[in-house]
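**Student:** Before I ask anything, here is the structure I am working with.
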Amino acid sequence: MSKTYPFRGRAVDVLSDVDFSAHAGELTAIVGHSGTGKSTLLHILGLLTEPDRGTVVVDGTDTSGLGDGELADLRRAKMGFVFQSYNLLPQHSALRNTLIPSVRRGKEAQDRARELLERVGLGERVDHLPAQLSGGEQQRVALARALVNDPPVILADEPTGNLDSESEQRLLAQLLELAREGRAVVVVTHNQAVSDAADRVYRMADGRVSSPQLRKEGSR
10 MSKTYPFRGR AVDVLSDVDF SAHAGELTAI VGHSGTGKST LLHILGLLTE PDRGTVVVDG
70 TDTSGLGDGE LADLRRAKMG FVFQSYNLLP QHSALRNTLI PSVRRGKEAQ DRARELLERV
130 GLGERVDHLP AQLSGGEQQR VALARALVND PPVILADEPT GNLDSESEQR LLAQLLELAR
190 EGRAVVVVTH NQAVSDAADR VYRMADGRVS SPQLRKEGSR
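Under our numbering, the first residue of the sequence shown carries the number 10, and numbering increases by one thereafter.
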């Protein structure tokens, strides 16, 4: 895949002939200095941005030529997103924030959201607003929201960036657990602990990506 953006009258290569794959049952880390194209790659993988050249295949579906509505449906069914800034709606409770992308309705949706908040350790805080939660708790709400439609792919952009060490370790353990359950978990990170724990690590520099570094069997 390749992607360019205009800058001061010229085209700047943000991604250059990137070949990337993530696998079910693995946590894949994308690492590199700021400005190397990591977030752009994640946005393309999440069908939020189109590559100028190349294709994105999600769980066997070639996304080339899909319309906006079809891409939105595919994102909703196949992907969950976790961002550094949480992206919670401040006027809504933890429960309501978790429910926002849900394709379920009524009691089924409520039960699913409560179950996920319980899973991430927030069963007692379902009615709290984001301002009443710590940064780590807000990120756990964001993780519950990402899981509400039970997607096979989780995409996380610097999810530990605003967390203290205890919250960071807890979130990493949860991401690893999701991978062990059979999901493909992709994390853009500067965090050494995350890349050390990953099954597959891609390093980015100047819009290019290295061949993946694979974790040796039994090294975790």
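We put the beta carbon where it would ideally sit given N, CA and C, even for glycine.
Owing to the predicted nature of the structure, the values given are computational and were not obtained by experimental measurement.
Between the beta-carbon of residue 155 and the beta-carbon of residue 90, is there less than 7 Å?
**Tutor:** Contact flag set, yes.
**Student:** What three-state label does DSSP hand residue 93 in the structure shown?
**Tutor:** It is coil, neither helix nor strand.
**Student:** Using 10 angstroms around the beta-carbon of residue 35, count the other beta-carbons present and answer buried if the total reaches 16, otherwise exposed.
**Tutor:** With 16 or more other Cβ atoms within 10 Å, it is buried.
**Student:** List the residues that DSSP assigns as beta-bridge partners of residue 15.
**Tutor:** Bridge partners of residue 15: 20.
**Student:** Which of the three DSSP states, helix, strand or coil, is assigned to residue 36?
**Tutor:** The answer is strand: DSSP assigns residue 36 an E or B state.
**Student:** If I measure Cβ to Cβ from residue 97 and keep anything under 7 Å in the same chain, skipping five residues before and after, which residues do I get?
**Tutor:** Once the five neighbours on either side are set aside, the close Cβ partners of residue 97 are 106, 139, 147, 150 and 151.
**Student:** The beta strand (DSSP E) spanning residue 166 covers which residue range?
**Tutor:** 162-166 is the extent of the beta strand (DSSP E) around residue 166.
**Student:** Would you mind stating whether residue 125 and residue 132 have Cβ atoms separated by less than 7 Å?
**Tutor:** Cβ atoms of residue 125 and residue 132: not closer than 7 Å.
**Student:** Measure the beta-carbon distance from residue 197 to residue 177 and round it to whole angstroms, keeping in mind my assumption that it falls under 8 Å.
**Tutor:** So it is not a contact: roughly 15 Å between Cβ atoms.
**Student:** Nearest to residue 171 by alpha carbon, out of 182, 199, 80 and 161?
**Tutor:** That would be 199, whose Cα lies nearest to the Cα of residue 171.
**Student:** Under three-state DSSP, which class holds residue 209?
**Tutor:** Of the three classes helix, strand and coil, the one that applies to residue 209 here is strand, per DSSP.
**Student:** Just checking my contact of residue 10 with residue 55 at CB under 8 Å: how many whole Å lie between their CB atoms?
**Tutor:** So it is not a contact: roughly 13 Å between Cβ atoms.
**Student:** Which residue's Cα is closest to the Cα of residue 208: 32, 17, 21 and 27?
**Tutor:** Per the Cα distances, 32.
**Student:** Hey, would you say residue 187 sits closer than 7 Å to residue 163, going by beta carbons?
**Tutor:** Yes. Within cutoff.
**Student:** Terminal residues of the continuous alpha helix (DSSP H) containing residue 153?
**Tutor:** Per DSSP, residue 153 belongs to the alpha helix (DSSP H) from 144-156.
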